[in-house]
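Peer 1: Protein chains in written order, with the numbering used here: chain A, 1 to 302; chain B, 1 to 306. Note that the Cβ used here is the ideal one computed from N, Cα and C, for glycine as well. For reference, the structure I am asking about is given below.
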């Protein structure tokens, strides 16, 4: 209605007021962005909902066949699906927690002046900045069962585990390697988010605590943690969202960890069951939204 | 949540506080020798964990095969060779240069388009009044919630239907739209920080709105534009998921899927893979060294998340 009011004068070929000109320019400038988002995000999201209720034929000329909730029923009774969901939660929880704690430790460590601080900070960001493909392959090589440095150190020298085990190709160990990889790659993100907040805690709070006789640990527990509570919770949430949806990080390191995104990808592009895959990504999305809502309500207290 | 992200930008400001405390020496005097030792050991350990894989990448890429495949591993190379780089750059063995070129073309086009579309859009959100503005700007941010894996099946159907398999535009458009919400947000915030009085003064002098945008606002917003360019470039440079399904023909592969094909096609070619990985990292690392402060903002928005 209001849009029409704005456009009306133009149609009547009357002279436009300055305000109407501004509004027209506003629509013209935002137009391309809105159209692109509608075509490449909103339409596919809605289309994905539809596809999840259909059987998609291989040939693009045929249209999808409606099958109702069949795909969802298949999933809820399949152990592969529940296994993938559990793997996703396990992976997300541990990689998120480790990355957040690692970032916190690094932020506390860097909360002082020392020679080379700027350089050290820049170097520490490298795992996060470097292209995924490059760091994933170094990790593959470092973990190589025959000539990798890590198996050599931990198995041959320290004898911590049997040298028969190929860390990335063993169902039990592969997930922990992926967790370690993600924590290593993403702790700089938590560091970046936390360091600013850590530095803004007034120094005299610690001063006062010291005068009252509080030790380092008490200072951390009673001053640092409460001050960081919300930013920590936010970092954890952002990482949770990103890690829950992670595909390439896991896929490029090993093919032996099957989280929901990987399960959806394989279903769509290895088994060519597009409808089934659409239902997996729908459940992934709904599960994530559910978590976010509960988290925002309880932890962030919005 | 977004406010917390933005607060990170103030890190540069808080180093001033560090400067003061360094002058006053408040940190130095009270720390004992023991604490100093623990501190420096922790710093060295952190950097070792962060950097060892990169050291290993460089070392492996310049070691002869004999030294790469030996036990115990050769931690410091005795002999240096450029053989792996030679085979990476010779088109008969591995089309690395083609992949590199494809990735560069896609990333630069995406980043350039993103700057244009996001600049106009963000200016519209930040400065112009019209009905529906609030709805649009909130709606665009909502899009940030949809992940690649949710879009991959329907987008693949659309791309097949359009006959855009193996075409670069399918990837450019996908990356452009995926990065739009953050680009709009970053630029919009920056535009709002430019005092409106400057623009009004220019309009008093007879500039039209568009002239104001191009002659006043854009030159003042160069840092934000650079940040958006880098952010989009990094996403496009790294992206694997969409590239792996939109591209079938080796000739149009981007670096991530090209390297993936190389590593699954051959065995025991770690020297070459490490050389190729290093070459893939170089554009990003060069940007990081020269443009760190512009890059950090994009990083806090998840410039490397796919």
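(1) Taking the alpha carbon of residue 100 of chain A as the reference point, which residue from A/195, A/249, A/248 and A/273 has its own alpha carbon closest?
(2) Grouping DSSP H, G and I as helix and E and B as strand, with all else coil, what is residue 55 of chain A?
(3) With 8 Å set as the bound, which would you pick, yes or no: does the beta-carbon of residue 288 of chain B sit closer than that to a beta-carbon of chain A?
(4) With burial defined as no fewer than 16 other Cβ atoms inside 10 Å of the residue's Cβ, what is the status of residue 16 of chain B: buried or exposed?
(5) Could you tell me the alpha carbon to alpha carbon distance between residue 94 of chain A and residue 79 of chain B, rounded to whole angstroms?
(6) For a contact meaning CB atoms closer than 9 Å, what does residue 245 of chain A contact in chain B?
(7) Within this structure, are the beta carbons of residue 81 of chain B and residue 62 of chain B separated by less than 8 Å?
(8) Using 10 angstroms around the beta-carbon of residue 24 of chain B, count the other beta-carbons present and answer buried if the total reaches 16, otherwise exposed.
(9) Give the single residue among B/152, B/286, B/225 and B/201 whose Cα lies nearest to the Cα of residue 268 of chain A.
(10) How close, in whole Å, do the beta carbons of residue 84 of chain A and residue 258 of chain A come, if the pair is a contact with beta carbons under 8 Å?
(11) I need the straight-line Cα distance from residue 139 of chain A to residue 253 of chain A, nearest angstrom please.
(12) Between the alpha carbons of residue 127 of chain A and residue 257 of chain B, how many angstroms are there, rounded?
(13) With H, G and I counted as helix, E and B as strand and the rest as coil, what does DSSP make of residue 65 of chain A?
(14) Got a sec: is the Cβ-Cβ distance from residue 292 of chain B to anything in chain A below 8 Å?
(15) Could you have a look at residue 301 of chain A and say whether DSSP puts it in helix, strand or coil?
(16) Which of the three DSSP states, helix, strand or coil, is assigned to residue 233 of chain B?
(17) At least one CB of chain B closer than 8 Å to the CB of residue 225 of chain A: is that the case?
(18) For residue 34 of chain B, which three-state DSSP category applies?
(19) Which residues, in chain order, does the region 229 to 262 of chain B contribute to contact with chain A at a C-beta distance below 7 Å?
(20) Any chance you could list the alpha helix (DSSP H) runs of at least 4 consecutive residues sitting entirely within the region 69 to 121 of chain A, in chain order?
(21) So is residue 266 of chain B buried or exposed if we call it buried at 16+ other beta carbons inside 10 Å?
(22) Does chain B have any CB closer than 8 Å to the CB of residue 36 of chain A?
(23) Roughly how many whole angstroms lie between the Cα atoms of residue 53 of chain A and residue 294 of chain A?
(24) Since I believe residue 95 of chain B is in contact with residue 250 of chain B (beta carbons under 8 Å), could you give me their beta-carbon distance rounded to a whole number of angstroms?
(25) Could you tell me the boundaries of the alpha helix (DSSP H) in which residue 356 of chain B lies?
(26) For residue 26 of chain A, which option in B/122, B/89 and B/66 has the closest C-alpha, if you only look at C-alpha atoms?
(27) Considering only residues of the same chain and omitting the five flanking positions on each side of residue 156 of chain B, which have a CB-CB separation below 7 Å?
(28) Any Cβ of chain B within less than 8 Å of the Cβ of residue 176 of chain A?
(29) Taking the alpha helix (DSSP H) that residue 185 of chain B falls in, what are its first and last residues?
(30) Work out the CA separation of residue 222 of chain B and residue 202 of chain B for me, nearest whole Å.
(31) Any contact of the region 106 to 114 of chain B with the region 228 to 247 of chain B, i.e. 3+ C-beta pairs under 8 Å?
(32) Would you mind stating whether residue 36 of chain A and residue 180 of chain B have Cβ atoms separated by less than 8 Å?
(33) What residues of chain B sit near residue 131 of chain A, judged by a beta carbon separation below 7 Å?
(34) Out of A/184, A/46, A/31 and A/296, which has the shortest C-alpha to C-alpha gap to residue 158 of chain B?
(35) To the nearest angstrom, how far is the alpha carbon of residue 233 of chain A from that of residue 299 of chain A?
(36) At the level of alpha carbons, what is the spacing between residue 24 of chain A and residue 130 of chain B?
Peer 2: Reading off the structure:
(1) For residue 100 of chain A, the nearest C-alpha among the options comes from A/195.
(2) Three-state result, residue 55 of chain A: strand.
(3) Output row for residue 288 of chain B: interface = yes.
(4) Any reading at residue 16 of chain B must be qualified, since the residue scores a pLDDT of 42, below 50, and its modelled position is unreliable; the value itself is stated next. Taking all protein chains in view, the Cβ of residue 16 of chain B is surrounded by fewer than 16 other Cβ atoms within 10 Å, so the residue is classified as exposed.
(5) Whole-angstrom Cα-Cα distance: 41 Å.
(6) Among the residues of chain B, those whose CB is under 9 Å from the CB of residue 245 of chain A are 147, 148, 149, 150, 305 and 306, following chain order.
(7) Yes, the Cβ-Cβ distance between residue 81 of chain B and residue 62 of chain B is below 8 Å.
(8) In this prediction, residue 24 of chain B has a pLDDT of 44, which is less than 50 and means its spatial position is unreliable; what the coordinates show is noted afterwards. Per the 10 Å Cβ criterion, exposed.
(9) Among B/152, B/286, B/225 and B/201, the Cα nearest to that of residue 268 of chain A is on B/152.
(10) Between residue 258 of chain A and residue 84 of chain A the Cβ distance is about 5 Å, and since that is below 8 Å, they are a contact.
(11) Distance between the alpha carbons of residue 139 of chain A and residue 253 of chain A is about 7 Å.
(12) Straight-line Cα distance between these residues: approximately 20 Å.
(13) Looking at residue 65 of chain A - three-state DSSP - the assignment turns out to be strand.
(14) Yes, its Cβ sits closer than 8 Å to a Cβ of chain A.
(15) Reduced to three states, the DSSP call for residue 301 of chain A is coil.
(16) If DSSP states are grouped into helix, strand and coil, residue 233 of chain B belongs with the helices.
(17) Residue 225 of chain A has a beta carbon lying at 8 Å or more from every beta carbon in chain B.
(18) Residue 34 of chain B: helix per DSSP, three-state reduction.
(19) Taking 7 Å as the Cβ-Cβ cut-off against chain A, the residues of the region 229 to 262 of chain B that qualify are 237, 238, 240, 241, 245, 255, 256, 259 and 260.
(20) Along the length of the region 69 to 121 of chain A, whole alpha helix (DSSP H) runs at least 4 residues long occupy 70 to 76 and 79 to 109, reported in chain order.
(21) The residue is exposed, with fewer than 16 neighbouring Cβ atoms inside 10 Å.
(22) Yes - at least one Cβ of chain B is within 8 Å of the one on residue 36 of chain A.
(23) Going by the C-alpha atoms only, they are around 27 Å apart.
(24) A Cβ-Cβ distance of about 7 Å is found for the pair residue 250 of chain B and residue 95 of chain B, placing them in contact under the 8 Å criterion.
(25) Nothing can be reported for residue 356 of chain B, as the shown portion of chain B is limited to 1 through 306.
(26) Nearest option by C-alpha distance: B/122.
(27) Cβ neighbours of residue 156 of chain B beyond the five flanking positions: 245.
(28) Cβ-Cβ to chain B under 8 Å: no for residue 176 of chain A.
(29) Residue 185 of chain B -> alpha helix (DSSP H) spans 168 to 193.
(30) Using only the alpha carbons, I get a separation of about 19 Å.
(31) Yes, they touch.
(32) When the beta-carbon positions are compared, residue 36 of chain A and residue 180 of chain B come within less than 8 Å of each other.
(33) Result: 237, 238, 280, 281 and 284.
(34) Of the listed residues, the one whose Cα sits closest to residue 158 of chain B is A/46.
(35) One C-alpha to the other measures close to 7 Å.
(36) Distance from the CA atom of residue 24 of chain A to the CA atom of residue 130 of chain B, rounded to whole angstroms, is 8 Å.
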